[in-house]
Amino acid sequence: MKPNEILNSERQRLEAQHDGRENWRLWGPYLAERAWGTVREDYSEGGSAWDYLDHDQARSRAYRWNEDGMGGICDDKQRLCFALALWNGEDPILKERAFGLTGNQGNHGEDVKEHYFYLDATPSHSYLRYLYKYPQAAYPYARLVAENGRRSRQDPPFSLLDTGVFDDQRYWDVEVLYAKASPEEIHIRIIASNRGPQAAKLHVLPTLWFRNTWSWGAGVDEWGAPKAVRKPLLAAAPAPSGAQWAVRADDETLGAYFLYGRQQAEPLYTENESNAERLWNRANATPYVKDAFHRYVVDGDLAAVNPARTGTRFAARHVLTATAGQTVTIELTLARCERQTPFAQQEAVFVQREAEATIFYENLQPHCSSEDGRILRQSLAGMIWSKQFFHFDVARWQDGDQLPPPAKRKLGRNRTWRHMKAADIISMPDKWEYPWFAAWDLAFHCAALALVDVDFAKGQIELLLKRTTTRTWRSSATSSSWPSPTRSPVTARRV
Numbered sequence: 321m322k323p324n325e326i327l328n329s330e331r332q333r334l335e336a337q338h339d340g341r342e343n344w345r346l347w348g349p350y351l352a353e354r355a356w357g358t359v360r361e362d363y364s365e366g367g368s369a370w371d372y373l374d375h376d377q378a379r380s381r382a383y384r385w386n387e388d389g390m391g392g393i394c395d396d397k398q399r400l401c402f403a404l405a406l407w408n409g410e411d412p413i414l415k416e417r418a419f420g421l422t423g424n425q426g427n428h429g430e431d432v433k434e435h436y437f438y439l440d441a442t443p444s445h446s447y448l449r450y451l452y453k454y455p456q457a458a459y460p461y462a463r464l465v466a467e468n469g470r471r472s473r474q475d476p477p478f479s480l481l482d483t484g485v486f487d488d489q490r491y492w493d494v495e496v497l498y499a500k501a502s503p504e505e506i507h508i509r510i511i512a513s514n515r516g517p518q519a520a521k522l523h524v525l526p527t528l529w530f531r532n533t534w535s536w537g538a539g540v541d542e543w544g545a546p547k548a549v550r551k552p553l554l555a556a557a558p559a560p561s562g563a564q565w566a567v568r569a570d571d572e573t574l575g576a577y578f579l580y581g582r583q584q585a586e587p588l589y590t591e592n593e594s595n596a597e598r599l600w601n602r603a604n605a606t607p608y609v610k611d612a613f614h615r616y617v618v619d620g621d622l623a624a625v626n627p628a629r630t631g632t633r634f635a636a637r638h639v640l641t642a643t644a645g646q647t648v649t650i651e652l653t654l655a656r657c658e659r660q661t662p663f664a665q666q667e668a669v670f671v672q673r674e675a676e677a678t679i680f681y682e683n684l685q686p687h688c689s690s691e692d693g694r695i696l697r698q699s700l701a702g703m704i705w706s707k708q709f710f711h712f713d714v715a716r717w718q719d720g721d722q723l724p725p726p727a728k729r730k731l732g733r734n735r736t737w738r739h740m741k742a743a744d745i746i747s748m749p750d751k752w753e754y755p756w757f758a759a760w761d762l763a764f765h766c767a768a769l770a771l772v773d774v775d776f777a778k779g780q781i782e783l784l785l786k787r788t789t790t791r792t793w794r795s796s797a798t799s800s801s802w803p804s805p806t807r808s809p810v811t812a813r814r815v
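Just so you know, my numbering puts 363 at position 43 of the sequence shown, and the rest follows in order with no gaps.
Below is the structure:
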């Protein structure tokens, strides 16, 4: 900060973060777009990460190391997560995560087959804006796999647009906006716009859940502390003034949070536990498992959800009907501690945070043209949205939990990296295609991120250097070789 400099509101928040007065980074866009098909979730003998836990299993299988979702947020240790789920009445599955081709399926390798956009973001995450374009016709999962599998590497990839599902504008624009009133009070809007020529129906399920930290046996957690004795819990709570429903989220380390909904919705509860019956033909430990919302909404299985209205996964089912061109809004508030009037200030908070974001970016490049300014703003928004909670304890991953994985795995990937432990927020190359850190990319990320949050950028470089002795991290996918020296000039600028 320069002497006598007047800081805009976003800069003031960054200063408060720097000084330790307020933790604006507690909540952020740290949820991956894809956790399935990753190295961390791979416990196969031969290291076939794409095949061990694929997209089809993802809705039913509890992840070991991290969570994924659409346009989502979570706290900085990913204890509690929030994201979007959708169903257009035609799809064979509930849309809870982005779909794409694996490295083995795509004729040009792995390739996300969705249309989503990071529209806006501030570095304190005081304002975030995400857009997903959801077809009104059945999503062509099988056709995308089959056609790309038929094509050679000399052919162009077969895209979602090529399937014709967006013809005649028959799709929904679904925006998710977040505005923080404080580091621990987040206002949420989901805005669904029917772009098609006819009336259409859309099921919108804002989803709140705990990452599964309780199913992996005794020992310490990822921070070296004894594991919590009590399993976290989501339970129905009394709805205060202005709210139609409320749910309380209790976790021993995070404390109590409340999610409030302004519009009528059907509350659904289940557990973040694997559906062993579907996956492995074994009896389930609980009748309420991870894929319950899919089974309830898509399959009509009314017994899939917990009538006691408790669990570790919660969704509020809104069934919307919109005429051609109509927009429908869903409003929520996520806050620590109870709120008597959770929506009283929501409109003012959104207006203020959007205006502050505009001032922040205008101050950043005061001489930009309006077009260049918009390009810069959305580019940096993409960088901010690409932060992700990255969790990986290589020794525990190699040794397994209650049941040890095949011994051959210890001779394979990451065999010389048992010392590596990570449970941090790290800038990703891409939260779907490359949802793992890569040190050579990260150095260049930091050069861009320093424009908006130099403390975070410095922290990323230090994160890779301060916890190592004779080695530095390269990437979680291929960490058996030495990194490139690209961090050296960046680190030199640290002082």
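Where a beta carbon is used, it is the ideal one built from N, C-alpha and C, also for glycine.
Taken atom to atom, the span from the alpha-carbon of E387 to that of G516 is near 32 Å. By the neighbour-count criterion, in which 16 or more other beta carbons inside 10 Å mark a residue as buried, T442 falls on the buried side. Around the beta carbon of H428, fewer than 16 other beta carbons sit within 10 angstroms, so the residue counts as exposed.
The continuous alpha helix (DSSP H) containing I695 extends over residues 690-705. The C-beta of G366 has fewer than 16 other C-beta atoms within 10 Å across all chains shown, which makes the residue exposed. Shown here for D773: same chain residues with a beta carbon closer than 7 Å to its own, the five before and five after excluded, namely L334, P443 in chain order. One Cα belongs to D719, the other to G645, and the distance between them is close to 54 Å. Annotation for L700: V772 place their beta carbon closer than 6 Å to its own, counting only its chain and skipping 5 residues before and after. In this chain, V618 is not harboured by any beta strand (DSSP E), its DSSP state being neither H nor E. Nearest in C-alpha terms to Y450, of all of P349, G693, H711, is P349. Short of 6 Å from the beta carbon of E676, and not among the five residues preceding or following it, lie these beta carbons of its own chain, in chain order: S329, E330. By the criterion of a C-beta distance shorter than 8 Å, T647 is surrounded in its chain by I511, A512, S513, N514, once the five residues flanking it on both sides are discounted. The beta-carbon distance between T590 and V609, rounded to whole angstroms, is 6 Å. This is short enough to meet the 8 Å contact definition. Within the same chain, G420, L421, N468, P477, E753 come within 8 Å of D431 by CB-CB distance, once the 5 residues on both sides are set aside. At a Cβ-Cβ threshold of 8 Å, A403 and S594 do not count as neighbours. Burial state of W347 is buried, judged by a 10 Å Cβ sphere holding 16 or more other Cβ atoms.
Secondary structure of Q718 (DSSP, three-state): helix. Each residue's CA atom was taken as its position, placing T533 and P552 some 9 Å apart. In this structure A635 touches P526 by the C-beta definition: roughly 7 Å separates them, less than 8 Å.
A straight-line Cα-Cα distance of about 42 Å links K730 and V617.
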